[in-house]
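K.L.:
In the numbering used here, the protein residues as written are 208 to 439. No residue lacks a Cβ here, since even glycine has one placed at the ideal position from N, Cα and C. Computed from a predicted structure; not experimentally measured.
This is the structure we're talking about:
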């Protein structure tokens, strides 16, 4: 009839008339996966907010770096993540492997305590960030970069949250393997700037929070790991 659709326009044609129904996609179980950066217990005890204030203190009016690793207890995939960090983070690298794979924990790149950032001369900060970016890209099959974004409003400069880029593309999904390590390396700058000309917050986090799924298909645990600068 004049009101009928041609066969290629009918819904059954789009589904594949006469073909077997496609099975539904398997369910994936997700759970939060949190990595806590090393923190100074004296700070949370001093302010009486230990459950909420797992922080370390970055050097004032200076540039510095801190790193830590976590060891994974099961194999799976981190589907997305964000860093809980404060405004004076300049750049962070998240990569598979131990810190030693890119030259950390050796020579002048050693932390005196897991929660005390290493002072980096301001003049060498850009070069250090570029150098470790190259080392991470060369040494690790998974290399993610996290940088805050800058927004100018009415002539004032504001630093906003950043978004991860993994292996050169936007997005934050990468695999983790049982018994293997992932390292987080952050660079900080607490010198006064146009965005904060009078006051800089010196307490800092560098914690990773994400969602993950297991290769086994089983429900993943609600997992939280405390990082260490020299994993064992």
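1. Mind checking which residues open and close the beta strand (DSSP E) that includes residue 343?
2. Would you check if the distance between the CB atom of residue 426 and the CB atom of residue 236 is smaller than 8 Å?
3. Could you check which residue in 240, 282, 417, 229 has the C-alpha nearest to that of residue 370?
4. By the DSSP assignment, the beta strand (DSSP E) with residue 271 in it spans what residues?
5. Start and end of the beta strand (DSSP E) containing residue 287?
6. Given a cut-off of 8 Å on the beta-carbon distance, is the pair residue 430 and residue 297 in contact?
7. Do you know how far the Cα of residue 294 is from the Cα of residue 359?
8. Apart from the five residues on each side of it in sequence, which residues of its chain come closer than 7 Å, Cβ to Cβ, to residue 258?
9. Given a cut-off of 8 Å, decide if residue 306 and residue 274 are closer than it, judged by their beta-carbon atoms.
10. Report the option in 338, 304, 383, 374 whose CA atom is closest to the CA atom of residue 390.
11. Taking buried to mean at least 16 other C-beta atoms within 10 Å of its own C-beta, is residue 357 buried or exposed?
12. If you run the structure through DSSP and keep just helix, strand and coil, what is residue 357?
13. Taking the beta strand (DSSP E) that residue 392 falls in, what are its first and last residues?
14. Leaving out five residues before and five after residue 394 in sequence, what residues of the same chain have Cβ atoms less than 6 Å from its Cβ?
15. With a threshold of 6 Å on Cβ separation, who are the neighbours of residue 265 within its own chain once the five nearest residues in sequence on each side are excluded?
16. For residue 268, which of 327, 312, 277 has the nearest alpha-carbon?
17. Hey, out of 277, 380, 349, whose CA is closest to residue 163's CA?
18. Tell me the DSSP secondary structure of residue 239 in three-state form.
19. Using 8 Å for Cβ pairs, my map puts residue 283 next to residue 383. What's the rounded Cβ distance?
20. Do residue 392 and residue 300 have their beta-carbon atoms positioned less than 8 Å apart in this structure?
P.N.:
Taking the coordinates as given:
1. Note, residue 343: premise wrong, no beta strand (DSSP E); alpha helix (DSSP H) at 332-346.
2. Contact: yes.
3. 417
4. 270-278
5. Residues 283-292.
6. no
7. 15 Å
8. With a pLDDT of only 49 at residue 258, under 50, the local geometry of the prediction cannot be trusted, and no value is derived from it.
9. yes
10. 304
11. Taking all protein chains in view, the Cβ of residue 357 is surrounded by fewer than 16 other Cβ atoms within 10 Å, so the residue is classified as exposed.
12. strand
13. 388-396
14. 272, 297, 298, 336
15. 271, 324, 395, 397, 409, 411
16. 327
17. Because residue 163 is not part of the residues shown, which for the chain are 208 to 439, the question remains open.
18. strand
19. Indeed they touch by this definition, with Cβ atoms about 6 Å apart.
20. yes
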